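Numbering of the sequence shown is given in my numbering, commencing with residue 1 and proceeding in unit increments.
Structure, as structure tokens:
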Amino acid sequence: MSLNQGVILPWNKNNQFYIELTKEVARHCSINPNHKWEELTEEKKRKVIFGDNKMINIFNNYTGWSYSREFDGEVGFLENKLCAVRYVAKEELNKYLSKFRCEVCGGTRLKKEALAVKINNKTYEITKLSIEKLLKWFIDL
Numbered sequence: 001m002s003l004n005q006g007v008i009l010p011w012n013k014n015n016q017f018y019i020e021l022t023k024e025v026a027r028h029c030s031i032n033p034n035h036k037w038e039e040l041t042e043e044k045k046r047k048v049i050f051g052d053n054k055m056i057n058i059f060n061n062y063t064g065w066s067y068s069r070e071f072d073g074e075v076g077f078l079e080n081k082l083c084a085v086r087y088v089a090k091e092e093l094n095k096y097l098s099k100f101r102c103e104v105c106g107g108t109r110l111k112k113e114a115l116a117v118k119i120n121n122k123t124y125e126i127t128k129l130s131i132e133k134l135l136k137w138f139i140d141l
């Protein structure tokens, strides 16, 4: 399998950005993009996977955009993508976060069934007691 055939799975063959990225990486690493991966030298494989921190320029003939960055290989590319996904996911999850105290659990994050279990009319709040006060509370039971 070659670069053009999708030997690097995260580089989606159906996405124009990845098609251009594959072309530029092949050019940058002096690799024929149709050459079988197994037949490449270890040095060239390493360069594709880990990069060389030299600038690459990705140009898309279809849209006309150009993108320049240091080439940090597939590993660096995935790390950057992961950070971006985490940021987007964090932004999405923040929509569901609230700074208001829940009326059901009073901010304890416990289900009402868990809050219904009581010992001497106390629930989870005994976990906030110091060891000395907890010992006294148990003795006074």
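Backbone N, C-alpha and C fix where the C-beta goes; we use that ideal spot for every residue, glycine too.
No experiment lies behind these values; they were computed from the predicted model shown.
Taking just the CA atoms, how far does residue j sit from residue i?
i	j	result
residue 123	residue 130	15 Å
residue 88	residue 134	44 Å
residue 29	residue 92	38 Å
residue 99	residue 107	10 Å
residue 5	residue 34	7 Å
CB residue i to CB residue j, shorter than 7 Å?
i	j	result
residue 9	residue 26	no
residue 74	residue 49	yes
residue 58	residue 20	yes
residue 42	residue 53	no
Pull the bridge partners of residue i from the DSSP assignment, please.
i	result
residue 128	The partner list for residue 128 (beta bridge, DSSP) is empty, contrary to what the question assumes.
residue 119	122
residue 30	BP columns for residue 30 are empty, so no partner.
residue 36	2
Taking residue i as part of the alpha helix (DSSP H), name the residues at either end of that continuous run.
i	result
residue 69	Note, residue 69: premise wrong, no alpha helix (DSSP H); beta strand (DSSP E) at 66-70.
residue 50	42-50
residue 78	73-94
In terms of residues, what are the limits of the beta strand (DSSP E) holding residue i?
i	result
residue 56	55-59
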